[in-house]
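Only one structure is covered here, and it is reproduced in the block below.
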Amino acid sequence: MFIMGLQDTNHNHDDNDDTNVQQTRKLRLIIHTSNLQRNDLEQKAQGAYIEEFPFQSSDPDSAKPRKSTNRTCDFENDLVSYIETYKYNKTHQWWWNGGDHGEQQRKLVDEIRRYDFSKTRAVLILSTPGWYSYSDRPRGYLKLSKAIRDHYSSNNNSDASTNSSSTTTTRASRQEGHNNNNNSTTTTTTTTTTPIVCQFSSIGSLNQKWLQDFAESLDTAQNKCRNLTDDVLRLVYPTSEEIRSSVEGYVGGASVPGTAKNVEKSILKPLFCRWAGAKTDHHHRGRRRHPLHKPSNVPHIKTYYQLTEDSQGMKWFCLTSHNLSKAAWGEKQNTKFGAKLMMRHWELGVVIFPVGGPKQKLVSVATAAATTMTTVTKTTGNADEEHCNEDSLSANEIPLPFQIHPTAYGISDLPWAVDRVYKEPDKYGRRSIQG
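With this note's numbering applied, the sequence shown covers 111 to 545.
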C-alpha cells in the first residue's frame, strides 16, 4: 500500500550540460493502490501519490526525531500513528550516500520524525482496525469528512454568506459535461449539492442507511440525503462485459472481488456507472483516446471526489486503498462504551484540494484545456494513442484514468461478480476467473 525511500542526489544541469551533483537527503513517500506484483503493476489501472519531504534542517546529521507535541503537523502525526498500529518496532541503521555511516540505529517512526511534512497540501486518510470514539483523532470516512469540512470552513466563509440568501438547489445532471435545467429541483436548502463519485474495485455488503450517511458526510454543502439517487452518489464499478473484454479477460476480474450478493442489490443498480465509459468510447471509434484513459485495463485504483457546480471539475479528490465497504471506511456502532466507529481494515490514502483559492477547482487531465497539457505522439505501437508528459501537469490537474462524468449503466449492463460463471467466453476461451 505504501513504501518509502530516500532520494539522496539532485542533478542540476548548467548551460553546458555538465551535471552538478548535490547531496540532499529527502524522504520519498509513495502511497499506491497496487499490490507488489508484476501483473498488478503492468496490467491493472493503478494510482499513486508521490511526494518528497526534506530534512527538518539543512544539516541532516543535526536533525533529531521530534515528539508529536514538538512543532509537528497533522500529516506527520497521522503517518506515524498509522505505522505504529503495525507494531513494527525493529531498529535500523539508516544509510545514505555522503552521509555519516555511523548514525545510531532508529525505529522507522523515529526516522520519519526527522523530516519536515509541514509544506504538503495533502491530508492523510487512514483506517486501522478497532473501535474509535468520535472525539478521538478521526479515522475512516470521518477523517475524510473532517478534512473536507476544515478546508471549506476556512476558505469559503465569504461564499457561504453569499449563498445564504439563495433558496434554490441545482442538482448536477447525469449528462456528461452539461447541466440540465429541466432536472433542477427547488428545495429549502441554501447551498448546492453535487454528485459524489466513488470508484473502487470491490464493494462490501451495504445498505441504504450507510450509503446515505457516507454521502452526507462527504458533501461540501452538508445537505441531508433524503433520497439515494445518482444526483447524490455515483458508483464507478466495471460491468461483466468490461471485465470480459479487458486485456486480461475474466482472470483479471479476480482483482475485483465483488460477490453477486453484494453487487446485485437493488439499491445499487441506479447508482452504478461504467468503468470504460460509453460503449463507443470504449472502442474509441473515430477519435483518438487520451493516454490516461484505461478502459481496457481492469481497475484496481480507488478514487473518490465531488463534482463542482458547473460539472467541469472536482471540489476535492481522494486517492486511497479504501474500497467501498464498512470494513474499510468504518461503521458507526452503539456499544456499551458509547458511540464508536468500527473498522476492520488497514487502509491509507490522501485527499487534496484545489490550490489558488476557494474559486478554483481540480480538473481531470483528459478534459483539461490543451494549453495546460503537453503530449507527444507515440512513435511505436498503437498509432491512435498518445503519451502524456507528466511534468506538464498543473497543480490542479488530476490524471484520472476514467471519465470525470461517468456513464450510467445501460439496460443490459450487469455489475461484475467474481463468483459468477458467464455464458459468453472471453478472448482466451474462459468463462470465469477459474477458466
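Glycine included, every Cβ here is placed at the ideal spot set by N, Cα and C. If you're wondering where the values come from, they're calculated on a predicted model, not measured in any experiment.
Residue i in three-state terms, based on DSSP
i: K436; result: helix
i: L381; result: helix
i: N407; result: coil
i: A386; result: coil
i: N444; result: strand
i: Y192; result: helix
i: S327; result: helix
i: S243; result: strand
i: K229; result: coil
i: F165; result: strand
i: E351; result: helix
i: K412; result: coil
i: A476; result: helix
i: S263; result: helix
i: I222; result: helix
i: L151; result: helix
i: Y532; result: coil
i: E374; result: coil
i: Q426; result: In the sequence as presented, Gln is not what sits at residue 426; that position holds Trp. Strand.
i: V361; result: helix
i: Y159; result: strand
i: S255; result: helix
i: G562; result: Residue 562 lies beyond the residue range present for the chain, which begins at 111 and ends at 545; the question has no answer from this structure.
i: L402; result: coil
i: V460; result: strand
i: Q309; result: strand
i: K200; result: coil
i: K136; result: strand
i: L321; result: helix
Residue i classed as buried or exposed, judged by whether at least 16 other C-beta atoms fall within 10 angstroms
i: E352; result: buried
i: T445; result: exposed
i: K404; result: buried
i: L151; result: exposed
i: S243; result: exposed
i: K154; result: buried
i: F447; result: exposed
i: N506; result: buried
i: N433; result: buried
i: S421; result: buried
i: Q589; result: With the chain covering only 111 through 545, there is no way to say anything about residue 589.
i: K412; result: buried
Cβ pair residue i, residue j closer than 8 Å
i: K200; j: F163; result: no
i: G388; j: D529; result: The displayed chain sequence assigns Ala, not Gly, to residue 388. In this structure, D529 does not lie closer than 8 Å to A388 by Cβ.
i: S474; j: V408; result: no
i: R546; j: Y360; result: Summary: the structure shown does not reach residue 546, with the chain confined to residues 111 through 545, and so no result is reported for it.
i: D340; j: P305; result: yes
i: Y159; j: V460; result: yes
i: L321; j: S255; result: no
i: R384; j: E534; result: no
i: R249; j: L451; result: yes
i: Y532; j: T349; result: no
i: I257; j: E161; result: Note on identity: in this sequence residue 257 is Ala, with Ile being the wrong assignment. No.
i: I462; j: F427; result: yes
i: S144; j: H410; result: yes
Which listed residue (the options) has its alpha carbon closest to that of residue i
i: I71; options: H202, S167, D220; result: Outside the displayed range of the chain (111 to 545) lies residue 71, so it cannot be described from this structure.
i: P525; options: P535, N372, G467; result: N372
i: R224; options: G467, G250, E186; result: E186
i: I514; options: V461, Y251, L472, N317; result: L472
i: A386; options: T302, H400, L316; result: H400
i: C335; options: I141, S350, T349, Q318; result: Q318
i: G545; options: V233, P348, G363; result: G363
i: P380; options: S522, A476, S263, K425; result: S522
i: K217; options: A331, L234, K197; result: K197
i: T303; options: T230, L417, S191; result: L417
i: V190; options: H455, Q166, L234; result: L234
i: A476; options: L402, L316, S144, S315; result: L402
i: S406; options: K537, L316, Q443, M453; result: K537
i: G466; options: S504, S431, M453; result: S504
Straight-line gap, residue i to residue j (C-alpha atoms, nearest Å)
i: G240; j: S312; result: 21 Å
i: Q203; j: F324; result: 43 Å
i: S237; j: D226; result: 23 Å
i: P511; j: K436; result: 25 Å
i: T182; j: F310; result: 33 Å
i: T296; j: L338; result: At T296, the pLDDT of 30 sits below 50, so the modelled position is not reliable; the number obtained from the coordinates is stated separately. About 17 Å.
i: T490; j: V357; result: Legend: pLDDT at T490 = 30, less than 50; position of this residue unreliable, value from coordinates given subsequently. Between T490 and V357, the C-alpha separation is close to 19 Å.
i: E441; j: R247; result: 16 Å
i: D188; j: C308; result: 24 Å
i: N333; j: E326; result: 6 Å
i: H142; j: L429; result: 8 Å
i: P516; j: V342; result: 13 Å
i: L458; j: M424; result: 21 Å
i: S167; j: S228; result: 13 Å
Cβ-heavy atom distance, residue i to the ligand COA, below 7 Å
i: F382; result: No copy of the ligand COA appears in this structure; indeed no ligand is present at all.
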